[in-house]
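Student:
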Amino acid sequence: MKLGEILVSEGLISEDMLAQALEEQKKDGKRVGSALMKLGFIEENALLKALSKHFGIKSVDLRNEELDESLLKLIPNEIAGKYLVVPVNRFGRTLTVAMINPGDVAAIEDIQFATGFEVEPVVASEDAILGIVREHYNVKKLMSDVMYEIEMAEAGEISVEVVDDKKQEEDLSDIIEDRDSGPALKLVSKIITDAVDMNVSDVHIEPYEKDLRIRFRIDGILHEVMKPPKRMTRALATVVKVMAKLKVEEKRLPQDGRIKARIHNKIIDIRVATIPTLFGEKIALRILDRSAIQLNLDLLGFEPSTLKSFRKAIKTPYGIVLATGPTGSGKTTTLYSALTELNDPGLNIITAEDPIEYSLMGISQLQVHDKIGLTFASALREYLRQDPNIIMVGEIRDLETAQISIRAALTGHLVISTVHTNSSAATVTRLVNMNVERFLITSTILSIESQRLLRKTCEKCRKEIKYPDEVLQDAGVDPKKLDYPLYKGEGCEACRGTGYKGRIGIFENMIISSKIKDLILQGAPAEKIEKQAVEEGMITLHSSALLKLESGSTTVEEVIRETMVM
2 MKLGEILVSE GLISEDMLAQ ALEEQKKDGK RVGSALMKLG FIEENALLKA
52 LSKHFGIKSV DLRNEELDES LLKLIPNEIA GKYLVVPVNR FGRTLTVAMI
102 NPGDVAAIED IQFATGFEVE PVVASEDAIL GIVREHYNVK KLMSDVMYEI
152 EMAEAGEISV EVVDDKKQEE DLSDIIEDRD SGPALKLVSK IITDAVDMNV
202 SDVHIEPYEK DLRIRFRIDG ILHEVMKPPK RMTRALATVV KVMAKLKVEE
252 KRLPQDGRIK ARIHNKIIDI RVATIPTLFG EKIALRILDR SAIQLNLDLL
302 GFEPSTLKSF RKAIKTPYGI VLATGPTGSG KTTTLYSALT ELNDPGLNII
352 TAEDPIEYSL MGISQLQVHD KIGLTFASAL REYLRQDPNI IMVGEIRDLE
402 TAQISIRAAL TGHLVISTVH TNSSAATVTR LVNMNVERFL ITSTILSIES
452 QRLLRKTCEK CRKEIKYPDE VLQDAGVDPK KLDYPLYKGE GCEACRGTGY
502 KGRIGIFENM IISSKIKDLI LQGAPAEKIE KQAVEEGMIT LHSSALLKLE
552 SGSTTVEEVI RETMVM
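Residue numbers (this note's numbering): 2 to 567.
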């Protein structure tokens with residue numbers, strides 16, 4: 002239930018008063034509560050009392066609260082400015098947060114995710130929270146100022162050109178033809194251009210009952226950047242679908258497409274996926290900017306010993322090398338970097354991918370297509386007749402693909418692929434669960450590399466910080482043995498208030514040694530296999546993360562987020 006509806010149900014304002022406040026809100030972009038108080042329809046104390054009663058929570062007067070700077074630093078600038086929230090107390094693993102709208106589930110979830118604490122909301126005055134946010138947080142522009150973004154989009158020029166491989170480049174306004182999509186066309190151009198400028202990996206255009214939300218995934222985290230008028234939902238979908246050469250009239254079924262666009266004189270590939278939802282088509286855009294990716298193993302974040310063992314594995318003439326990790330952990334970049342290093346005129350390298358994310362010169366790449374029967378397994382089977390030296394398979398997801406990969410390795414080929422597991426040792430269990438024979442695993446697999454991506458601390462605004470002992474323990478750090486400084490970004494223009502800029506990989510690489518082969522054949526659990534690998538010198542993901550923490554590259558929060566929840 003929204004604030005206005007709560008106040009009406011409590012009998013504090015009438016429907017007519019709410020309607021007037023909503024009209025006032027459209028003029029100045031302020032929140033409904035501020036508009037109601039500005040119009041004299043309700044006093045601040047009555048507003049806070051109503052919210053406190055409705056949600057069954059306390060209200061606090063922040064003007065009488067002494068603010069703890071260490072508490073304020075727990076919530077990133079971006080979240081404080083986006084939701085207008087202020088941390089006021091902490092007890093154990095619970096953080097008490099003053100909010101304007103304590104019913105905002107998305108805000109609470111974002112705070113919990115960013116801080117690692119459970120959130121206990123309390124309600125406070127908007128003016129008081131706004132004053133604290135402006136004074137203590139480096140917030141350039143509050144996210145509540147939505148109309149600014151729309152005006153910029155509608156007033157701006159179209160800066161994206163669609164590139165057709167068979168034709169000349171076309172301006173977006175030409176390919177949309179005479180459709181009534183002027184503002185939407187400019188907004189799509191702005192969204193894509195901003196996404197490229199901000200190194201965004203994914204864009205989400207999400208329609209809801211009364212809202213339309215645009216979110217960017219930056220350094221692995223989704224951020225709401227814009228809320229255009231709901232009326233633009235259909236026009237935005239039309240523009241994107243025309244650009245991606247999808248069926249504009251088809252709104253009942255999911256569609257996939259691709260856009261090749263010229264932005265700032267460079268070619269950008271954009272993967273497009275649409276799905277029908279209750280309130281319109283949701284659109285996801287994957288931004289593939291080849292110029293922003295450095296396919297170099299030395300730059301990914303490997304510890305020297307881990308990189309040495311991984312390089313040794315990929316340069317073995319035959320066998321299987323696996324990269325593991327969840328979606329979005331950087332596996333594709335690692336494999337592409339490995340192929341780039343292996344690429345040589347004397348070798349025949351071929352790949353089967355879903356999808357092909359980047360074109361690699363000198364390497365034959367194939368896009369699998371399950372609907373027409375061109376699967377990883379069938380592609381791999383055909384590849385064995387192509388005299389390959391090295392085969393890269395996008396993913397081993399079933400027994401058939403695993404069996405053909407093993408056959409390729411046993412007949413003198415190097416196979417590089419991925420598996421979705423949480424650790425190197427757990428991959429053995431996954432393969433066994435696919436019904437791959439243990440003796441075939443030990444006969445063919447050379448190494449299993451596992452990885453994650455940590456957000457890097459912004460170097461422009463990072464400051465030394467003292468963490469409570471229990472937070473350090475949550476990260477697997479012994480407070481008594483901590484002998485190096487810890488850093489956290491305060492938030493600045495360079496990192497857009499997040500305290501983070503860029504990402505760096507953490508890696509473990511398990512070599513299938515003779516002792517590990519014995520354990521696999523004996524049916525040992527993953528924990529025992531990992532213990533043996535560590536005894537033989539493997540740096541685990543958690544240990545790799547702690548080394549990044551010691552170097553000042555990342556924060557305690559990132560170590561917890563990526564390595565302590567597996």
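Even for Gly, the Cβ is constructed at its ideal location relative to N, Cα and C.
What are the start and end residues of the beta strand (DSSP E) that includes M227?
Tutor: Taking the sequence shown and counting its residues from 1, one reaches residue 227 at position 226. That run of the beta strand (DSSP E) goes I222 to M227.
Student: Give me the DSSP bridge partner(s) of H205.
Tutor: Position 204 of the sequence shown, counted from the start, is the residue given in the question as residue 205. Note: H205 sits in a beta bridge opposite R216 and A285.
Student: What residues match up with R393 in a beta bridge as DSSP calls it?
Tutor: The sequence position of residue 393 within the sequence shown is 392, counting from 1. This sequence places Met at residue 393; Arg is not what is there. Partner(s): T352 and I417.
Student: Need the endpoints of the beta strand (DSSP E) that N510 sits in, please.
Tutor: Counted from its first residue, the sequence shown places residue 510 at position 509. First-last of the beta strand (DSSP E) with N510: Y501 to I512.
Student: If you draw a straight line from the alpha carbon of H205 to that of Q256, how long is it in whole angstroms?
Tutor: Locating residue 205 in the sequence shown gives position 204, counting from the first residue. Locating residue 256 in the sequence shown gives position 255, counting from the first residue. Straight-line Cα distance between these residues: approximately 15 Å.
Student: Quick one: residues in its chain with C-beta nearer than 8 Å to the C-beta of E11, no 5 flanking neighbours on either side, listed in chain order?
Tutor: Counting from one through the sequence shown, the residue named residue 11 turns up at place 10. Hits under 8 Å: A51, K54 and H55.
Student: Beta-carbon separation of D198 and V226 under 9 Å?
Tutor: Residue numbering aside, residue 198 sits at position 197 when the sequence shown is read from its first letter. Residue numbering aside, residue 226 sits at position 225 when the sequence shown is read from its first letter. Contact flag unset, no.
Student: Look at K489 and K464 and say whether their C-beta atoms are less than 9 Å apart.
Tutor: Along the sequence shown, one-based indexing puts residue 489 at 488. Along the sequence shown, one-based indexing puts residue 464 at 463. Yes, the pair counts as a contact, with Cβ atoms nearer than the cut-off.
Student: Taking the alpha-carbon positions, what's the S379 to L323 distance?
Tutor: To locate residue 379, count along the sequence shown from 1; it is residue 378. To locate residue 323, count along the sequence shown from 1; it is residue 322. So the alpha carbons of these two residues sit roughly 20 Å apart.
Student: If we ignore side chains and look at the alpha-carbon of each, how far apart do P305 and G104 end up?
Tutor: By one-based count along the sequence shown, residue 305 stands at place 304. By one-based count along the sequence shown, residue 104 stands at place 103. Taking the straight line from one Cα to the other gives about 48 Å.
Student: Run through the segment 22 to 94 for me and flag every whole alpha helix (DSSP H) of 4 or more residues, listed as ranges in chain order.
Tutor: Fully enclosed alpha helix (DSSP H) runs of 4 or longer: 33 to 39, 45 to 56, 70 to 73 and 78 to 84.
Student: Beta-carbon separation of D355 and Q368 under 9 Å?
Tutor: Residue 355 sits at position 354 when you count from the first residue of the sequence shown. Residue 368 sits at position 367 when you count from the first residue of the sequence shown. Yes, these two residues count as a Cβ contact at 9 Å.
Student: Tell me H370's beta-bridge partners as DSSP assigns them.
Tutor: Mapped onto the sequence shown, residue 370 falls at position 369. In the DSSP output, where bridge partners are listed per residue, H370 has L375.
Student: Can you check whether the CB of R32 is closer than 9 Å to the CB of L4?
Tutor: If you number the sequence shown from 1, residue 4 lands on position 3. If you number the sequence shown from 1, residue 32 lands on position 31. For L4 and R32, yes; Cβs fall inside 9 Å.
Student: Could you check the C-alpha separation between V164 and D345 for me, to the nearest Å?
Tutor: The residue given as residue 164 occupies position 163 in the sequence shown. The residue given as residue 345 occupies position 344 in the sequence shown. For V164 and D345, the distance between alpha carbons rounds to 30 Å.
Student: Looking at the secondary structure, which residues open and close the beta strand (DSSP E) in which R272 lies?
Tutor: Your numbering for residue 272 matches position 271 in the sequence shown. Here the beta strand (DSSP E) through R272 covers K267 to T278.
Student: What did DSSP end up calling G132 once you bin it into helix, strand or coil?
Tutor: Counting from one through the sequence shown, the residue named residue 132 turns up at place 131. In the structure shown, G132 sits in a helix (DSSP, three-state: H, G or I).
Student: Nearest CA to the CA of T376: which residue from E559, T352 and E358?
Tutor: For the purposes of this step, residue 376 is taken as residue 375 along the sequence shown, with counting starting at 1. Closest by alpha carbon: T352.
Student: Would you kindly check if the distance between the Cβ of V87 and the Cβ of V120 is under 9 Å?
Tutor: As a position in the sequence shown, residue 120 is number 119, starting the count at 1. As a position in the sequence shown, residue 87 is number 86, starting the count at 1. Not in contact: V120 and V87 (Cβ atoms no closer than 9 Å).
Student: Alpha carbon to alpha carbon, how far is L547 from I407?
Tutor: Reading the sequence shown from its first residue, position 546 is the one you call residue 547. Reading the sequence shown from its first residue, position 406 is the one you call residue 407. Approximately 35 Å between the Cα atoms of the pair.
Student: Is the number of C-beta pairs between the segment 506 to 526 and the segment 290 to 305 that are closer than 8 Å three or more?
Tutor: With the cut-off at 8 Å, the segment 506 to 526 and the segment 290 to 305 touch.
Student: Spell out whether any CB of chain C is found under 9 Å from the CB atom of E24.
Tutor: Chain labels in this structure do not include chain C; a single protein chain is all it has.
Student: Is the segment 113 to 129 in contact with the segment 73 to 92, if contact means three or more CB pairs nearer than 8 Å?
Tutor: Yes, since at least three Cβ pairs between the segment 113 to 129 and the segment 73 to 92 fall closer than 8 Å, the two stretches touch.
Student: Taking the CB atoms as reference points, tell me whether A563 and R453 lie closer together than 9 Å.
Tutor: What you label residue 563 is simply residue 562 of the sequence shown in a count that begins at 1. What you label residue 453 is simply residue 452 of the sequence shown in a count that begins at 1. It is Glu, not Ala, that sits at residue 563 in the sequence shown. Cβ distance < 9 Å, so E563 and R453 count as in contact.
Student: Between the segment 245 to 264 and the segment 312 to 319, do at least 3 Cβ pairs fall closer than 8 Å?
Tutor: No, the segment 245 to 264 does not touch the segment 312 to 319.
Student: Given 8 Å as the limit, is there contact between the segment 420 to 439 and the segment 464 to 474, that is, 3 or more CB pairs closer than that?
Tutor: No, because fewer than three Cβ pairs between the segment 420 to 439 and the segment 464 to 474 fall closer than 8 Å, the two stretches do not touch.
Student: Assuming N390 and S338 form a contact by the criterion Cβ under 8 Å, report the distance between their Cβ atoms to the nearest whole angstrom.
Tutor: Taking the first residue of the sequence shown as position 1, residue 390 is located at position 389. Taking the first residue of the sequence shown as position 1, residue 338 is located at position 337. With a Cβ gap of about 18 Å, N390 and S338 do not count as contacting.
Student: Going by DSSP, what residues sit across from L96 in a beta bridge?
Tutor: Start at 1 with the first residue of the sequence shown, and residue 96 comes out as number 95. According to DSSP, which records beta bridges pairwise, L96 is partnered with R91 and V120.
Student: Taking 9 Å as the threshold (C-beta atoms), are M539 and I521 in contact?
Tutor: On the sequence shown, position 520 is the one that residue 521 refers to. On the sequence shown, position 538 is the one that residue 539 refers to. No; because the gap between Cβ atoms is not below 9 Å, this pair is not in contact.
Student: P490 bridges to which residues according to DSSP?
Tutor: Along the sequence shown, one-based indexing puts residue 490 at 489. It should be noted that the sequence gives Gly, not Pro, for residue 490. R463.
Student: May I have the straight-line CA-CA distance separating M393 from I364, to the nearest angstrom?
Tutor: To locate residue 393, count along the sequence shown from 1; it is residue 392. To locate residue 364, count along the sequence shown from 1; it is residue 363. Cα-Cα distance, rounded: 10 Å.
Student: I need the boundaries of the beta strand (DSSP E) containing A324, first residue and last residue.
Tutor: On the sequence shown, residue 324 is found 323 positions in, with the first residue counted as 1. A324 -> beta strand (DSSP E) spans G320 to T325.
Student: Decide if H265 is buried, meaning its Cβ has at least 16 other Cβ atoms within 10 Å, or exposed.
Tutor: For the purposes of this step, residue 265 is taken as the residue at position 264 of the sequence shown. So H265 ends up on the exposed side.
Student: Where does K457 sit, in a helix, a strand or coil, going by DSSP?
Tutor: Translated into positions along the sequence shown, residue 457 becomes position 456. Here K457 sits in strand by DSSP.
Student: Less than 9 Å between the C-beta atoms of A410 and I321, yes or no?
Tutor: As a first step, residue 410 must be located in the sequence shown, where it is residue number 409. As a first step, residue 321 must be located in the sequence shown, where it is residue number 320. Yes, the pair counts as a contact, with Cβ atoms nearer than the cut-off.
Student: May I ask you to report which of helix, strand or coil DSSP gives L385?
Tutor: Counted from its first residue, the sequence shown places residue 385 at position 384. In the structure shown, L385 sits in coil (DSSP, three-state: anything other than H, G, I, E or B).
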